Structures are given as C-alpha cells and as structure tokens.
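Reading through the structure tokens given below for one structure.
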Amino acid sequence: MYVLGLWDGHDAGAALLEDGNIVYAANEERFTKRKLEMKFPYNSIRAALDYAQIKPTDIENITYTTTEFTKTLERIYPGMKERYYLFRRRKIPKPRFEGFMHNLKYSMTGVGILPLCNTVSSSIISRQLRHMGFKNFKLRVVEHHTAHAATAAFTSGFKKSLVITLDGLGDGLSGSVSTFDNGKLERHISIPARDSLGIFFEQITNIIGMRELEDEGKVMAMADYSYPFDFDSNKLKDMFRVEGTIISAKYNARKQFAKLQSIGWQMPREQFSYMAQQLLENIVVKFVSNVVDRFSIGDVVLAGGLFSNIKANMKIRKLENVKHWYVFPHMGDGGIALGSALYTDYELNGSTSHDFSAYLGNDYDAETTMQALKKDRSLETAKESHAEQARHAAELISNGNYVFWFQGRMEYGPRALGDRSILAPPDSESVKEKLNLYVKRREWFQPFAPSMLEEDLARVVDYDNKGYDRYMTMAYSVKDSARDATKSVVNVDYSARPQAVGQENPNYRELLDNMRKLTGYGLVLNTSFNLHGMPIVMTPEDAIATMKATKTKYMFINGVTVTNKRGV
C-alpha cells in the first residue's frame, strides 16, 4: 500500500511510503531552483512516482497538512503567495500589501482549524491532484503539529519518548507536547500561536534587515559577536515567561513586533541578536526541563522549525533530566509532507517505527552522469572506483584544496550530508576564505561545519553519549586539543555543528577514513553543494553548471573524477 504525503506551503515537497517504508522524499526547491519554494509540489510528486516506478492511479491514500485560515487563503489566491515569496526573498521591491499581509498573519495567529477552511483546502488540493492524473484516492488531512510530531516520534528509534514541537505557527498552534509509548502517540499540551517563540524570532530576523523564514540561523550566529551580559540586563527578558508547562507571551504578535522595533533601533544588530537568542534559550530550556519532569520521560525527540537553532538544542542536551535526544533532521515545514504520510500510515496500519535515512532523493547512474559531462569539452574526466575516489579526494583535501562531492541519493532536508557536499580542509583559514569567495559567499559571521567519523566525535568535541548526531542538528564545544585541527569549522566561541558518519554512508566514510590516515583526524569541512542563494544541486547538470560558474577545479561524481581546465 502506498501513502503519498504533500505540503504546498513554505519549503513545499512530497514524500512516498510503500508498506510502511519511506521510498522517496524531496522538496520542490530542488526542481524549480527557487530556494524554499512555496508552490504546489508538482515536480516532487512526479519524481516520487518515477522513483517508485508507479502511476498516479496506483495510489489510494494521499495526505496533506495545515488548513488554517491564512494557508487556505494562499491556496485560493496563489498570486498573493507568490508576491509574498518574491518580496520575502528580496526579488521584488516591498509591495503595497506587505503591511496588510503581516497584519493579517499576526491578527489571525490565534485562529485554528475551521471546518469551512478544511473543506475549501481539500477541494483545491483534490483538483490539483486530479489534474495530475490521480483518481479514486482518499484525501486525508493531518494537523500541522501532529505532522511535526510524527516525524520525530516515528523516526527516532526510541520505543518511548517525549515528543516536543515548536515553530512559528500552524493550524492555530505554535507548539505541542506528546508522549509516544507502546506504539501510541498522544498529545497532552498544545501551545497557542499567540505564544509563539518562532514568530518572535522571525520578527527579530525581520527587524535587523534579514529574510524571515530563511535567515533565523544568521541571527543565532550573529549573537556570538555581541559582548555578553546577564539575563537580568536583557531588555527582552519579560516578553515571555514559563510557568510549569505553559509558555506565555506578554504581547500579541502585532504589539510584540512594535515593541521589538522600539528596542531594536537603539543598539547594534549583534547585541539585539544576543538578547533574542538568550531569551529563546532561557525559555526553551525551562519549558523542556519542566515537561520532562512532568512526564518523567528522559528520551526527548524534537521537531518544528525552532529546533533548527542548534545553540538552543545544545542547552537542551546539557539538561540533567534529558537522558537521550533526537532532532528530526528536516525539522521545519519542509519535513511535514513526510510527517503527514507517516501519521496517516500510523492511523491506517499502526506503523510507528521507520528506518530513516537522510538519503531519500534522486540518484543518477554512471551512464547518465557521463552523458551530461560529455557535453562540455572544458572538463576532463576519468573513471575511478569509489575506493579510488575516496583516496584521491582525501589527498586533494589534505593538500589544501576544496572539492565537489556528488554521490548516490540526494539528501532530504537543509543539510548536505556527504552526497551533495563541498568538502575542504578543516584546519585551513585560507582555503575557507577561498571557498567563501568563489562559491558560498556567506556572511562573515557564519561558520562552516565539520563531518567526522563517529569514533572521532569524542576526540574532537564534548560528546556526552546522549545521541550520535548524523544530521548536523546539535552544537558541541570543541576540545582544546582539537582546536588546531578544526580552525575552519568552528564558531567564534569554539562551538561546532558536527555530522558523525557511521555505516549509513560507506563512500563518504571511506573518504573520512583516508583523511584520518593522512591527517590524524577523520574530519573535513562539509558545506552544501550550491551557489549562494540557490538550493542544493540535484542533477549532474546542476553540479556541472555550479562547477563552471565557480571555476572549481575538482569534482568527484558517481565514479567519475572531473577536472575543470579553467578551474582555480
């Protein structure tokens, strides 16, 4: 039995299950080349069907999520959603309706699921699916935070867990707390959208001149460049409070935005970011600690966009009452297509445990890769085995080069995890600067992240045995003894966001094994394979275009080693 999940909002996408197994999942941005695409995921759906080699008529169960008023309005008026997308990404000037859109969004935050909106949304989604050739399907709706909770609960591997979701808003809520035990997912706490920490951090991002729903990670990074001060001196400290297992905002979203504006203009962006990050960490840690005590479950699983904040996650990890942790790697709304499919499979078949891999997207064979490469005579190619490529790439990296690394299935989620990655020495500031100049063009305060062998994790960071991080969802402090080896992958406070690599990616692991032989550490700088402002590459053609645009000299792609004659 197939279950197709879809999401047609911010970071739209689709996911396909077959008999409880996750067959395919991807986001629309990879196809349209528009980062965090919001359009209906036609391409992702077609790709899922093509990967499984099935037809639309083979699917009987289709599920989607989020039928709140504003989301339904976007479905009715897709042009309005498109103009908001273009403005938010700074592609068009500020539209006349921008103030109206924000006021509408903030005014409607407390409105939950309305029967009429549910009916209208389902009618629109059904029409779009029938246009694609789907027939005789049952369309099901999964509530927003239920979809988030399902991603964490059903992929963590924990038989019993405390499931916490926090984000901006969805279906009238900004968070939830559930328990997962004996195959049953049960919600106990719902956090109203009015008390949204995600909206708060989104507003901070907007006020300091960055893109909401996209640059919140930059706010977190910028906060480390402020001078530190006690929480009692924080001008934002009273905007939220935690009482037991209740989070409360002092103001509604509109008043909160005005208050934040009146404070933010008085100080540098770094200081304002520090205040916001400090408040966020303080509130989230108190809340998580309190709910762990209330339910007496120390294995905590997390989902929702707020848990992309790795510094807040680190504070959660360090709580004494948290025994083990897991953050679903596609924690934002981009992951709820899979969440809705997982929850629907749970309702229909009782499935609650899924072998999750981050490598769920498209892959390309050697013949397809060679056909793409033959179109360009400026590229020299040589076939190498996976073992030869792993050794060759490690030699180049250890000698001070960065390389493009394109292998196997595309990653699902915002992080490159060794299949669509750019790899560089972890100890070279000069190579990091060259990489940033020619390819990434990141803000000066944004750090890069490392991938390392799982057995090297405890050698490099303050690993506490609470959970291996395969997906770069957690911050750790780098040990003094490893600082020289990690110069280009640490933040200014000597923290890092590592990917621990085990047997789930043998090709990538072999490269890291070779790095260990050459340098003493199975460690590389790993950043996503994309141009600045673009999604991660998907196809060999995408990879070749990026190689040429950035004048990158070396690429290892599906058993073919490529040298750019015009590379630098």
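Numbers 1409 to 1976, taken from this note's numbering, label the letters of the sequence shown in order.
Glycine is no exception: its CB is placed at the ideal position from the N, C-alpha and C atoms.
Predicted model, so just to flag it, every value in this text is computed and none were measured.
Could you have a look at residue i and say whether DSSP puts it in helix, strand or coil?
i	result
Ile-1654	strand
Val-1897	coil
Ala-1857	strand
Ser-1786	coil
Leu-1843	helix
Leu-1931	strand
Leu-1644	coil
Lys-1848	helix
Asn-1807	coil
Ser-1903	strand
Asn-1972	strand
Arg-1619	coil
Ser-1936	strand
Arg-1867	helix
Arg-1799	helix
Glu-1445	coil
Val-1945	coil
Arg-1649	strand
Lys-1791	strand
Phe-1812	strand
Ser-1704	coil
Return the first residue and the last residue of the alpha helix (DSSP H) that residue i is part of.
i	result
Pro-1948	1948 to 1958
Pro-1600	From DSSP, Pro-1600 is part of no alpha helix (DSSP H) but of the beta strand (DSSP E) over 1592 to 1600.
Met-1923	1914 to 1927
Glu-1610	1605 to 1615
Met-1630	1624 to 1631
Asn-1873	Neither: Asn-1873 is in no alpha helix (DSSP H) and is coded neither H nor E.
Ala-1780	1774 to 1781
Asn-1451	1450 to 1460
Could you spell out the range, first to last residue, of the beta strand (DSSP E) harbouring residue i?
i	result
Ser-1569	1569 to 1578
Val-1909	1907 to 1909
Arg-1828	1828 to 1832
Tyr-1432	1429 to 1435
Tyr-1410	1410 to 1415
Thr-1473	1469 to 1473
Gly-1421	1421 to 1426
Leu-1581	1581 to 1589
Met-1963	1962 to 1965
Classify residue i as buried or exposed, calling it buried when 16 or more other Cβ atoms lie within 10 Å of its own Cβ.
i	result
Val-1811	buried
Phe-1639	exposed
Ile-1484	exposed
Ala-1746	At residue 1746 the sequence reads Leu, which differs from the Ala that was named. Label assigned to Leu-1746: buried.
Ile-1654	exposed
Ser-1569	buried
Ser-1531	exposed
Ala-1795	exposed
His-1738	buried
Glu-1476	buried
Gly-1941	exposed
Phe-1562	buried
Gln-1669	exposed
Tyr-1410	buried
Pro-1449	buried
Arg-1849	exposed
Taking 7 Å as the threshold (beta carbon to beta carbon), is residue i in contact with chain C?
i	result
Thr-1474	Absent from the structure is chain C; it holds one protein chain and no more.
Flag this pair as touching only if the segment 1925 to 1936 and the segment 1816 to 1834 have three or more C-beta atom pairs under 8 Å; answer yes or no.
-> They touch, by the three-pair rule.
Every unbroken beta strand (DSSP E) inside the segment 1661 to 1687 [3 residues or more] = Listed in chain order, nothing qualifies, since the segment 1661 to 1687 has no complete beta strand (DSSP E) run of 3 or more residues.
Say whether the segment 1652 to 1670 touches the segment 1524 to 1541, bearing in mind that this needs 3 or more beta-carbon pairs closer than 8 Å, one atom from each stretch.
-> Remark: fewer than three beta-carbon pairs, one from each stretch, lie closer than 8 Å, so the segment 1652 to 1670 and the segment 1524 to 1541 are not flagged as touching.
Enumerated in chain order, which unbroken segments of the beta strand (DSSP E) with a length of 3 residues or greater are wholly contained in the segment 1708 to 1767?
-> Under the rule that a run must span 3 or more residues, the beta strand (DSSP E) segments found entirely inside the segment 1708 to 1767 read 1732 to 1735.
The segment 1410 to 1427 contacting the segment 1913 to 1920, beta-carbon criterion three pairs below 8 Å = Contact fails: fewer than three Cβ-Cβ distances are below 8 Å.
Just checking, does the segment 1799 to 1807 make contact with the segment 1588 to 1608 on the three C-beta pairs under 8 Å criterion?
-> Output reads no: the segment 1588 to 1608 does not touch the segment 1799 to 1807.
Whole runs of the beta strand (DSSP E) within the segment 1477 to 1553, excluding any shorter than 3 residues | Qualifying beta strand (DSSP E) stretches, in chain order: 1546 to 1550.
Inter-stretch contact at 8 Å, needing at least 3 Cβ pairs: the segment 1720 to 1740 / the segment 1675 to 1694 = Short answer: they touch.
Within the chosen definition, does the segment 1578 to 1593 reach the segment 1619 to 1639 through at least 3 CB pairs nearer than 8 Å?
-> Taking a cut-off of 8 Å on C-beta distances, the segment 1578 to 1593 does not touch the segment 1619 to 1639, as fewer than three cross pairs fall below it.
Pairing CB atoms from the segment 1699 to 1708 with CB atoms from the segment 1843 to 1863, are three or more of them under 8 Å?
-> As far as the Cβ criterion goes, the segment 1699 to 1708 does not touch the segment 1843 to 1863, which means the pair count is below three.
Answer yes if the segment 1777 to 1792 comes into contact with the segment 1958 to 1968, meaning at least three C-beta pairs across the two stretches below 8 Å, and no otherwise.
-> Enough Cβ pairs lie closer than 8 Å, so yes.
Using 8 Å as the threshold, is the segment 1583 to 1592 in touch with the segment 1666 to 1681, meaning 3 or more CB pairs across them?
-> No, the segment 1583 to 1592 does not touch the segment 1666 to 1681.
Would the segment 1432 to 1439 and the segment 1814 to 1822 be scored as touching if the rule is three or more Cβ pairs under 8 Å?
-> Yes, the segment 1432 to 1439 is in contact with the segment 1814 to 1822.
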